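The structure under discussion appears below in the form of structure tokens.
There are 2 protein chains.
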Amino acid sequence: MSYKIKSRIWIESEDNVLLGEGRVHLLKAINKTGSLSKAAKSLNISYKKAWQLLDSVNKSAKKPVTINSIGGKGGGGAALTEYGKSLVKAFDEINKNCWAFLDKELQKIEVL
Amino acid sequence: MSYKIKSRIWIESEDNVLLGEGRVHLLKAINKTGSLSKAAKSLNISYKKAWQLLDSVNKSAKKPVTINSIGGKGGGGAALTEYGKSLVKAFDEINKNCWAFLDKELQKIEVL
DNA sequence: AATCGTTATATTTGTATGGATATAACGAAA
DNA sequence: TTTCGTTATATCCATACAAATATAACGATT
Numbered sequence: 158m159s160y161k162i163k164s165r166i167w168i169e170s171e172d173n174v175l176l177g178e179g180r181v182h183l184l185k186a187i188n189k190t191g192s193l194s195k196a197a198k199s200l201n202i203s204y205k206k207a208w209q210l211l212d213s214v215n216k217s218a219k220k221p222v223t224i225n226s227i228g229g230k231g232g233g234g235a236a237l238t239e240y241g242k243s244l245v246k247a248f249d250e251i252n253k254n255c256w257a258f259l260d261k262e263l264q265k266i267e268v269l
Numbered sequence: 158m159s160y161k162i163k164s165r166i167w168i169e170s171e172d173n174v175l176l177g178e179g180r181v182h183l184l185k186a187i188n189k190t191g192s193l194s195k196a197a198k199s200l201n202i203s204y205k206k207a208w209q210l211l212d213s214v215n216k217s218a219k220k221p222v223t224i225n226s227i228g229g230k231g232g233g234g235a236a237l238t239e240y241g242k243s244l245v246k247a248f249d250e251i252n253k254n255c256w257a258f259l260d261k262e263l264q265k266i267e268v269l
């Protein structure tokens with residue numbers, strides 16, 4: 158067991174990235190904090206980067222992933238839609254299954 | 158208008174990368190050209206980068222992956238060992254299998 | 001010994017990605 | 001109508017990574 162196999166997976170729609178690990182982390186943080194700026198802080202990334210990620214997610218998704226509101230009580234906020242929640246869940250499942258699959262495949266290297 | 162799932166996989170040994178897609182491309186080019194400098198040119202990467210990649214491969218592998226010779230006829234060269242060839246083959250297999258696996262898993266997203 | 005194209009390595013230069021900063025727009029509530 | 005914290009957006013800046021450049025070491029062949 159000396160080698161480790163690692164992976165990054167992501168989902169694209171016509172050259173835009175819909176989901177990747179960073180975007181999924183962000184969506185989870187939005188779900189937890191209720192705002193994009195708080196999510197960015199909790200992940201130690203800049204608001205700009207967080208906004209760009211979220212923007213690309215919503216632009217490439219078939220249905221809205223978050224509902225963002227400006228102004229009003231608390232200044233506004235961001236929340237996952239049901240679709241967004243199910244995307245996150247599906248991505249996590251795929252990722253976990255991929256890790257398990259690759260761990261098995263790694264034997265082909267260990268055996269050499 | 159459907160989604161595409163993409164991946165990058167790599168193999169590490171205690172924090173050094175043994176193999177990844179770039180390193181495998183390089184090893185294949187070395188096998189084809191017989192030299193590291195020619196391989197770098199054929200891949201449009203700098204010699205420095207190619208050398209660094211190959212160095213890290215040989216440093217983290219259990220057995221030599223290439224034999225590099227300096228001076229002599231033609232100035233020297235680089236060639237894959239049998240172990241190197243089998244590593245490349247195994248990595249390609251794992252990668253191909255991973256793609257097929259992920260294509261199936263993508264259904265979990267498409268269906269949402 | 002002179003030549004050659006390579007491996008090996010250090011140093012300088014360029015660039016592109018993200019970070020920091022600033023500011024406008026917004027709307028519910030007091 | 002003022003306040004508040006947020007979303008949204010532009011501009012500037014720094015730093016890390018890659019590219020370009022330069023050069024030494026090497027050894028079979030001639």
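Each protein sequence line maps, in turn, to chains A and B.
Quick note on numbering: our numbering labels position 104 of the first sequence as 261, and the sequence is numbered without any gaps.
Quick note on numbering: our numbering labels position 83 of the second sequence as 240, and the sequence is numbered without any gaps.
Where a beta carbon is used, it is the ideal one built from N, C-alpha and C, also for glycine.
Since the structure is predicted, the reported quantities are computational estimates derived from the model, not experimental observations.
Judged by their CB atoms, Asn188/B and Ser213/B are not nearer to each other than the 9 Å cut-off.
Listed as beta-bridge partners of Tyr160/A by DSSP are Ser170/B. Where Asn254/A is concerned, the enclosing alpha helix (DSSP H) starts and stops at 239 to 262. In the three-state reduction of the DSSP assignment, Leu211/B falls in the helix class, which pools H, G and I. Residues Ile224 of the same chain have their beta carbon placed closer than 6 Å to that of Ala236/A, with the five preceding and five following residues left out of the count. Think of a sphere of 7 Å around the beta carbon of Lys265/A: the chain B residues whose beta carbon falls inside it are Ala247, Glu250, Ile251, in chain order. Tyr160/B reaches chain A at Ile168, Glu169, Ser170, Leu175, counting residues in chain order whose Cβ is nearer than 8 Å. Within chain A, no C-beta atom comes less than 7 Å from the C-beta of Asn225/B; the nearest is roughly 21 Å away. By the beta-carbon neighbour count (other beta carbons within 10 angstroms, threshold 16), Ala257/B is exposed. Cβ neighbours of Leu176/B within its own chain (closer than 6 Å, five residues either side excluded): Ile168, Phe248.
Ile227/B is classed as exposed because its beta carbon has fewer than 16 other beta carbons within 10 Å across all chains shown. Take Ser170/A, set aside five residues on each side of it, and the residues of its chain with a beta-carbon closer than 7 Å to its own are Ser217, in chain order. A straight line joining the alpha-carbon of Ser194/A with that of Leu244/A spans about 21 Å.
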